[in-house]
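Numbering-wise (UniProt numbering), the sequence shown opens with residue 1 and increments by one. Glycine residues also receive a C-beta, built at the ideal position from the N, C-alpha and C atoms. Below is one structure, written out as structure tokens, with a few remarks after it.
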Amino acid sequence: MGETAEKKAAEEAFISLDRYVHALMGKTGGGLSPISLALAYGDWAAHLAISPGKQAELVWKSARKWQRLAAEMMCQLSGGAGDGCVQPLKQDRRFAGPEWLRFPFSLYSQSFLLSQQWWHNATTDIHGVEDRHEKIVEFYGRQMLDMFSPSNFLATNPLLIQKTLEEGGRNLVRGAQFFAEDAMKQVTGQTAVKPEMTPGVEVALTPGKVVFRNRLIELIQYAPTTASVHSVPLLIVPAWIMKYYILDLTPPESMIKWLVDQGFSVFCISWKNPDEGDRDLGFDDYRQLGVMAAIDAITAITGAPKVHGLGYCLGGTLLSVTAATMARDGDERLASLTMLAAQVDFTEAGELSLFTNEDQLSLIEDMMWEEGFLEKEAMAGTFSMLKSQDLVWSKIVREYMLGEREAPSSLGAWSHDATRMPYKMHSEYLRKLFLNNDLADGRMESGGAHIYLQDISAPVFAVATEHDHIAPWNSVFKLTYLMHSPVTFALVSGGHNTGIVAPPGSPRAKYKMMAHEQGRAHPGPKEWAASVPKVTGSWWQPWAEWLRGTGVAAGGAEIAPPAMGNVEAGFAPLEAAPGSYVLME
């Protein structure tokens, strides 16, 4: 018996040593696995080496690109207008000004863009390379090129030169001061960029009460502002990776405030920021202690037999798992589902899929195992890398060279207010959903038994954004055929956050919509998008009309506003919104 215990202790010590080394390697490399990178580059280089046709193509394309560049430069030097031999991608704003079309800056920008094109050709369409490895090599090649963009350097950026001359270099002095401030915060263990706005003071201002609290959530009930309300209350399930007030920014960007003013009884989950004591909270705990506990509380407080459910991003994925579990168990309390930039099929998870292979996930798990959670800086770094042009290099140029701090904004404050993720839950989420795609493929278990999206009968309103780098819209579009209930799909302008929080009156807000009924033929995403014209305006208004319609179909009507909380049912108001959990560091 003693020998067995000693052997087990020794094995655990060996495993702990391995995990410690892996965690140290992960922290040193910013959460990226060098083994995954080596495998990807080895696969790419080996297949390129045995592809003489591809090599010849790259030589030919290189010669043609430099010929075009030489012709363009000769045209400009001889007094021609010159409008560029290559144009940047639509979302690339680094060379948007007319200054970049004048020599020698046109030479810098055009040669960079041609090099970018050539590198894309060199890293793609090589026969035999694994698709995942190709994406990794192309992605990191693009990251490396972005480091050397002429827009990043004083000597090659005409806007920086002009600004420096105008201010006599004072902009560089301010930039150096900003850099020193941020570096000191990093050295002393502070966050380099702290939220500029405090929930309950500058943001998250909609009046309400915390009416329920457990170890994982606070449930906020918002005070009505209309004489009557829709009888079917609405539960908002935000992503646990960030604070809930993305949907309660300053008016008029606050969706929660807008919904309350439209006559809806709104409840919202505010997730606790987990610590080392929460390491064993799993995905099913988030379902039971989060969504199910909230639904139980709402029906007890209001007496309503049904609830509208809204899930944003990861919150939408969790809501869909909850809805499938309820359908399996015969629980019919969901009147509808609204899915905002939320995926249930992760085979097209965009560039986030680059970080979800076995080696990479094992590294992340070992990083979490040491402390019991994943630090918020790790995820923030990943998301910044996905949009490095805007979130890394453009920020460096703006703050440290132009000497301009970004003006505080409610959305910017929210984006800096990340949360940690407990070991067990995040590991299960990454493996079951991102790596194995268990939910879409019918292998997902919840509450000890299998669940199926096809069992959900509640109508669905799904919203995707055109320029989403986290939940690509063609991936969200799969909801139209993965769920067998009626699905209304809206494709809206903007990105993962900006498209969702665009209220009525937003000047650039546009959307396309389709309603799909079971039994009808399914259009392809690109074919559908090309055939439907855009409508000017916010998607909030047609969605609110849809909510009312589905609520009426579920037996809802206009009623007097319910009381805040329900003391007799055991849900006395605990404190004013936004509560305590949202303030946890």
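For residue j and residue i, believed in contact at Cβ under 8 Å, the rounded distance
i	j	result
M513	P542	7 Å
F346	L479	With 8 Å as the limit, F346 and L479 do not qualify as a contact, their Cβ atoms being about 13 Å apart.
A471	Q343	5 Å
S531	K510	With 8 Å as the limit, S531 and K510 do not qualify as a contact, their Cβ atoms being about 16 Å apart.
residue 602	M367	An answer regarding residue 602 cannot be provided, because it is not within the stretch 1 to 585 covered by the chain.
A327	D441	The pair is not a contact, with the Cβ atoms about 18 Å apart (cut-off 8 Å).
A490	S231	25 Å between Cβ atoms; not a contact.
Contacts around residue i, its chain only, beta-carbon distance under 8 Å, and the 5 residues preceding and following it disregarded
i	result
E406	K395, R398, E399 and G412
Q55	L48
G277	G372
One or two residues paired with residue i in a DSSP bridge
i	result
L337	G309 and V460
V210	I220 and E575
A530	Per DSSP, none; premise fails for A530.
T465	V492
P199	V203
M514	F489
Q152	It is Asn, not Gln, that sits at residue 152 in the sequence shown. In the DSSP output, where bridge partners are listed per residue, N152 has none listed.
L374	M421
V535	Y511
C268	I220 and I236
A449	S446
V229	I559
N566	F571
M242	A418
Cβ pair residue i, residue j closer than 8 Å
i	j	result
T338	F178	no
H308	L234	yes
Y286	A239	no
Y429	R279	no
V260	Y222	yes
V86	L48	no
T299	G447	no
residue 602	A576	This structure cannot speak to residue 602, because the chain is shown only from 1 to 585.
F571	A297	yes
V210	L574	yes
P104	F95	no
L314	L361	no
G97	L17	no
L453	S320	yes
T302	D248	no
T419	I246	no
G403	G175	yes
L281	M425	yes
A23	E370	yes
G499	T465	yes
D43	E130	yes
Cβ-based neighbour list, residue i, same chain, cut-off 6 Å, excluding 5 preceding and 5 following
i	result
M444	D438 and I451
L32	none
Y244	P238, C268 and S270
S561	Here residue 561 turns out to be Pro, not Ser, going by the sequence shown. Same-chain partners within the cutoff: P224 and V229.
P525	N474 and F477
L289	N214 and L216
Y581	E218, S270 and K272
W100	S109
G208	I220, Q221, Y222, A223 and A577
A122	L58
Q116	L145
Close beta carbons around residue i, own chain, < 7 Å, minus the five adjacent residues each side
i	result
I35	D359
S62	W118
T550	A335, S336 and P459
A192	Because the pLDDT at A192 is just 41, under 50, the model does not fix this residue reliably, and the value given afterwards should be weighed accordingly. So the list reads D182, K185 and Q186, once near-sequence residues are dropped.
D284	S446 and G447
M197	V203, P408, S410 and A413
I295	L235, V307 and R333
R102	none
A40	H133, I136 and V137
E348	P472, N474 and S475
8 Å Cβ cutoff, residue i in contact with chain D
i	result
R142	In the structure shown, chain D cannot be found, because there is only a single protein chain.
- Query: Quick one: any contact between the stretch 144-156 and the stretch 97-117, if contact means 3 or more CB pairs under 8 Å?
  - Reply: yes
- Task: Evaluate the contact criterion for the stretch 270-289 versus the stretch 208-225: three or more CB pairs, one atom per stretch, below 8 Å.
- Result: yes
- Task: Report yes or no: do the stretch 513-523 and the stretch 483-492 share at least 3 C-beta pairs separated by less than 8 Å?
- Result: yes
- Task: Say whether the stretch 498-510 touches the stretch 246-260, bearing in mind that this needs 3 or more beta-carbon pairs closer than 8 Å, one atom from each stretch.
- Result: yes
- Given 8 Å, three or more beta-carbon pairs between the stretch 51-68 and the stretch 156-170: no
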